[in-house]
Amino acid sequence: MVKTTSSKDKTGVEIRKRAGQFFGHKSPLLLIRQILGLVVLFSFLYGFLGWGAFSKSLAIYLPRTQIGPFLLRILDVGIGIAAFLIVLLILGSTVFLGRWYCAFLCPLGTTQQITSPRRIVRGGRLFQNPVLDGLIRYGVVGLVAILVIGKSFAGWGGTTVVLDLLDPYGLFGRILRDMIFPLLVFLNWLLFQVSRLFDLFIPLFPYNPDLPVFFATALLGGTWIVASRKRGRLYCGSLCPVGTFLGLCGRISLYRIQIATNKCSRCGICVNTCPVGALNRESSGEVRFEAERCVLCMNCIDACPEEAIRYGRKPRASCATSTDAVPFTPNPSRREFLGKVARISTGLVAYLSLTAIGGVVTYGLAPGRFLLKKRALNPSFRPNRPSTPPGSLGIDRFTSLCISCHLCVSHCPTGVLSPSLLEYGIKGLFQPVMDYQRGFCEYECSRCGEVCPTGAILPRSVEEKKTVQIGRVKFEQERCVVVTQGTICGACAEVCPTHAVGMVPYRNGLDIPATDNALCVGCGSCEHACPVPQKAIFVEGLAVHGKAEVRKPLHTLPKEPEKKEFPF
Amino acid sequence: MDRREFLKKCVVYGTAAVGATLLRPVERIFATPSDTVVDLVAVMGGKPAELFDAGIAALGGMRAFVKPGQTVAIKPNISWSAPPERGATTNPELIRRIVEHCREAGAKRVYVFDNTISSWQACYRETGAEAAAKAAGAQMAPAHSTSYFHKAVVPGAKVLKEALVHELILEADVLINVPILKHHSSTRMTAALKNLMGVVWDRQFYHYSGLSQCIAEFPLLRKPTLNVIDAYTVMTSGGPQGSSYRAALELRKMQILSVDIVAADAAAARVLGHAPEDIQYIPIASDLRLGRKDLSNLKVQRITL
Chain C
11 MVKTTSSKDK
21 TGVEIRKRAG
31 QFFGHKSPLL
41 LIRQILGLVV
51 LFSFLYGFLG
61 WGAFSKSLAI
71 YLPRTQIGPF
81 LLRILDVGIG
91 IAAFLIVLLI
101 LGSTVFLGRW
111 YCAFLCPLGT
121 TQQITSPRRI
131 VRGGRLFQNP
141 VLDGLIRYGV
151 VGLVAILVIG
161 KSFAGWGGTT
171 VVLDLLDPYG
181 LFGRILRDMI
191 FPLLVFLNWL
201 LFQVSRLFDL
211 FIPLFPYNPD
221 LPVFFATALL
231 GGTWIVASRK
241 RGRLYCGSLC
251 PVGTFLGLCG
261 RISLYRIQIA
271 TNKCSRCGIC
281 VNTCPVGALN
291 RESSGEVRFE
301 AERCVLCMNC
311 IDACPEEAIR
321 YGRKPRASCA
331 TSTDAVPFTP
341 NPSRREFLGK
351 VARISTGLVA
361 YLSLTAIGGV
371 VTYGLAPGRF
381 LLKKRALNPS
391 FRPNRPSTPP
401 GSLGIDRFTS
411 LCISCHLCVS
421 HCPTGVLSPS
431 LLEYGIKGLF
441 QPVMDYQRGF
451 CEYECSRCGE
461 VCPTGAILPR
471 SVEEKKTVQI
481 GRVKFEQERC
491 VVVTQGTICG
501 ACAEVCPTHA
511 VGMVPYRNGL
521 DIPATDNALC
531 VGCGSCEHAC
541 PVPQKAIFVE
551 GLAVHGKAEV
561 RKPLHTLPKE
571 PEKKEFPF
Chain V
112 MDRREFLKKC
122 VVYGTAAVGA
132 TLLRPVERIF
142 ATPSDTVVDL
152 VAVMGGKPAE
162 LFDAGIAALG
172 GMRAFVKPGQ
182 TVAIKPNISW
192 SAPPERGATT
202 NPELIRRIVE
212 HCREAGAKRV
222 YVFDNTISSW
232 QACYRETGAE
242 AAAKAAGAQM
252 APAHSTSYFH
262 KAVVPGAKVL
272 KEALVHELIL
282 EADVLINVPI
292 LKHHSSTRMT
302 AALKNLMGVV
312 WDRQFYHYSG
322 LSQCIAEFPL
332 LRKPTLNVID
342 AYTVMTSGGP
352 QGSSYRAALE
362 LRKMQILSVD
372 IVAADAAAAR
382 VLGHAPEDIQ
392 YIPIASDLRL
402 GRKDLSNLKV
412 QRITL
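Here it is in structure tokens:
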């Protein structure tokens, strides 16, 4: 006999639950979803915040499975056969199996699944009105398509701003790096303080707090995690462009959730279980299932007290009445037809108006034109144009391909790559920028290009990267310590890896910096080291990256000492 | 030499002498008393570890500096993420040998640390310091966050009145300063005095407030127990980083050991072909009575292997 327990949930609905045979679950699919989802989620966590070769491998390969980066990558860089086959497999299988990607492969989806409550009222839908709901969802997908794909045509600058803000992978990366990581850093610091009492050394995570970015991320991304505590996977059901896109494939899926109408007691528990609002009650009391919204979390199968729900093959129309699983067949009416017309026309209007907004964003708020810059708020000196990481080829290319997942920010060893706010204008919100106040570009490193999943930063070997000029050094002598204080300094020349900054004789036996832009790579070591608050030496970013000359040391090491005498 | 210094030296050499009597016939010690009182030892002609073995023996062995149960902080120059061949960082074989000597002398804990300029993990790894220190039984102490640094008053300083100093400088019983000798674009030379810039948090303050003055004043806070200058591979130009086309190296196979940080730097300046007075911070440190720059009046022992 199967044991049955009975209880009441918050909404007062009685829950009768039978103990399942798969660790308390009735369906093995739910168990598989939970395990695989967690494995993928923790792999992402380690890929972003872990260390060593394993973290690097995860960071390189795992985001290649994500649809958003794939879309941008295929448009510009192109992709390898393996990555192409993987994504083809994801899209193809969605046609047969539904949006399994959302439950298994999407780290943001799994995160919200974990934070979702067991029972949700009006879950997964930002707007209950189907017209408004469709407008937003398809509007977002259409806007992404127009802005991203359209950028390949007619000399458009193109922008990823919508994808940049709403892609689930990018959103997950930002939440992780800019919201969760600072909290982990705080925990690490507490642990560090405790460890000191026992005379141990726990290494501190290197992190420079960036409060504006923390709050902006919390507002634009963290909201969805917080909202999911009450409304389930609200983001997945209402806004996610990848989810909506996959939903269009999932709409015709062969395998899907089946509700046996003859077993269904119309208790409505499944409706309050579904985190994306794929199960809705008709006015007749019957439950209507929308395959397009379903993310295959399998929670409804487990929740149904009548065991009327299963995941299986959609029955053919001819045998619909002969099986126990009777799918819901909508009755086409005039009203529904009008609704469809309304949805399509409002969708079109949405496309056009949002495209217009996109155009304004793209052209009106280009880098340098926006007044309210983070830099303007900072009293210390800032150059006119920001630098983009080596391998990005230039500002326009970078900002039109970056999805702001901040994987490069997480992996940057010096912290020079940091989230921007408005350095690139609104269209480049959150996209990483070289912040020389925080660090400098390590000469012997090219990690950002290795891990970038969209190809916004192209992979470059360390030797190749040494020839890339991302900016040019500028020296303002009248602010230099040597001139203003009359003491020796040369902090800039000391750290310059290429000798683009060197010291030449000045007066009173002092040396003063001299620059050579043929050698400058724009790493910003000099700007970072300059002790003057209004930097006397700094890097001006290049709109299109140039080439730096590489001069190798000419000497060879002598085998035996030439001087055999003590000089004192 | 102030009274405190004198007393300290009495203790150091006294202990060394007593230690030596246990090993050698008493007559020999008293027969050549000048052998044990050496201000500076310069060794030439061997591998870094061999040079140190000879040099420390001439100073009475590591037991003269490290007592059983003490903690030792070793401050090499590992500020750049560079392999030892580049001559930008202290030779890891030397670090390993020093740690081994400290362990043999009975040190409870040996720490190796530097507030690096390049990213710290890369520096610790690429310079070979981490592997060498761990192999010999030392711990690499982190110094990449302001949390490891504490505010300290520098007594008698005019400019560097206080500084955020690494906790090991304030806590360790013994401090061994192990710089590499190099050309430096700012100060013309970096060795023992300049190496101690890597134990403070805010280097920009030095540059902004008078680099030479701050470098010279720091030892007023704490003088190293022993200075060991690695002059095996010497960068004669293009320093301190040595990655550019201006970098030039000379193989000098030399090592300078002294308790007197100013004397050590004065000798190092000679190796680079400078008069000690040419390096701004050496005369300042000498005037602050942190040590003696006049090598002619010092007892210098020269050893060629």
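Chain order of the listed sequences is C and V. Numbers in our numbering are just positions in the first sequence, counted from 1, shifted up by 10. Numbers in our numbering are just positions in the second sequence, counted from 1, shifted up by 111. Glycine included, every Cβ here is placed at the ideal spot set by N, Cα and C.
Tell me the rounded alpha-carbon separation between residue i and residue j.
i: residue 303 of chain C; j: residue 225 of chain V; result: 56 angstroms
i: residue 61 of chain C; j: residue 55 of chain C; result: 11 angstroms
i: residue 120 of chain V; j: residue 276 of chain V; result: 25 angstroms
i: residue 98 of chain C; j: residue 83 of chain C; result: 14 angstroms
i: residue 306 of chain C; j: residue 418 of chain C; result: 31 angstroms
i: residue 329 of chain C; j: residue 320 of chain C; result: Caution is warranted here: a pLDDT of 42 is assigned to residue 329 of chain C, below 50, making its placement in the model unreliable, and the coordinate value is therefore given only provisionally. The straight-line gap from Cα to Cα measures roughly 17 angstroms.
i: residue 81 of chain C; j: residue 426 of chain C; result: 27 angstroms
i: residue 291 of chain V; j: residue 364 of chain V; result: 12 angstroms
i: residue 302 of chain V; j: residue 350 of chain V; result: 12 angstroms
i: residue 108 of chain C; j: residue 256 of chain C; result: 8 angstroms
i: residue 232 of chain V; j: residue 475 of chain C; result: 21 angstroms
i: residue 321 of chain V; j: residue 339 of chain V; result: 26 angstroms
i: residue 269 of chain V; j: residue 328 of chain V; result: 8 angstroms
i: residue 244 of chain V; j: residue 211 of chain V; result: 9 angstroms
i: residue 191 of chain C; j: residue 52 of chain C; result: 14 angstroms
i: residue 573 of chain C; j: residue 148 of chain V; result: 28 angstroms
i: residue 237 of chain C; j: residue 296 of chain V; result: 57 angstroms
i: residue 399 of chain C; j: residue 120 of chain C; result: 31 angstroms
i: residue 149 of chain C; j: residue 242 of chain C; result: 22 angstroms
i: residue 292 of chain C; j: residue 196 of chain C; result: 49 angstroms
i: residue 373 of chain C; j: residue 467 of chain C; result: Its pLDDT being 43, under 50, residue 373 of chain C is placed unreliably by the model, and the measurement read from it follows with that caveat. Spanning the two alpha carbons is a distance of roughly 23 angstroms.
So, under 8 angstroms CB-CB, residue i and residue j are touching, yes? Tell me the CB distance rounded to an integer number of Å.
i: residue 86 of chain C; j: residue 519 of chain C; result: Not a contact, Cβ separation roughly 54 angstroms.
i: residue 43 of chain C; j: residue 114 of chain C; result: 7 angstroms
i: residue 479 of chain C; j: residue 401 of chain C; result: Wrong, their Cβ atoms sit about 12 angstroms apart, outside the cutoff.
i: residue 269 of chain C; j: residue 318 of chain C; result: 6 angstroms
Bridge partners of residue i, per DSSP?
i: residue 184 of chain V; result: V:222, V:286
i: residue 513 of chain C; result: C:523
i: residue 338 of chain V; result: V:288, V:369
i: residue 344 of chain V; result: V:362
i: residue 262 of chain V; result: V:275
i: residue 443 of chain C; result: C:428
i: residue 151 of chain V; result: V:369, V:411
i: residue 550 of chain C; result: C:482
i: residue 290 of chain C; result: C:298
i: residue 556 of chain C; result: C:479
i: residue 655 of chain C; result: Lying outside 11 to 578, the shown extent of chain C, residue 655 of chain C is not represented and no answer is given.
i: residue 301 of chain V; result: V:293
Around the Cβ of residue i, are there at least 16 other Cβ atoms within 10 angstroms (buried) or fewer (exposed)?
i: residue 544 of chain C; result: exposed
i: residue 272 of chain V; result: exposed
i: residue 139 of chain C; result: exposed
i: residue 408 of chain V; result: exposed
i: residue 64 of chain C; result: exposed
i: residue 397 of chain V; result: buried
i: residue 193 of chain C; result: exposed
i: residue 309 of chain C; result: buried
i: residue 186 of chain V; result: buried
i: residue 394 of chain C; result: exposed
i: residue 222 of chain C; result: exposed
i: residue 366 of chain V; result: buried
i: residue 492 of chain C; result: buried
Subject >> Selection of the stretch 191-209 of chain V by Cβ proximity to chain C, strictly under 8 angstroms >> reply: Per Cβ criterion, the list reads 192, 196.
Original post:
For the stretch 253-272 of chain V, which residues have a CB atom closer than 7 angstroms to at least one CB atom of chain C, in sequence order?
Top reply: 253, 255, 256, 258
Subject >> chain V contacts from the stretch 454-483 of chain C (Cβ-Cβ distance under 7 angstroms) >> reply: 454
Subject >> the stretch 401-414 of chain V: positions lying closer than 8 angstroms to chain C by Cβ >> reply: Here the close residues are 406, 411, 413.
Original post:
Using a beta-carbon distance cut-off of less than 8 angstroms, what residues from the stretch 491-519 of chain C approach chain V?
Top reply: 491, 495, 497, 498, 499, 500, 501, 503, 504, 505, 506, 507, 508, 509, 512, 513
Subject >> Contacting positions in the stretch 420-433 of chain C - beta carbon closer than 7 angstroms to chain V >> reply: Cβ contacts with chain V come from 423, 424.
**OP:** Using a Cβ-Cβ cut-off of less than 7 angstroms, give me the residues of the stretch 210-225 of chain C that come near chain V, in sequence order.
**Re:** 211, 213, 214, 216
Subject >> Residues, ordered as in the chain, of the stretch 50-72 of chain C that lie near chain V by beta-carbon distance below 9 angstroms >> reply: 61
Subject >> Near-chain C residues of the stretch 291-315 of chain V - C-beta to any C-beta below 8 angstroms >> reply: 295, 296, 297, 298, 314, 315
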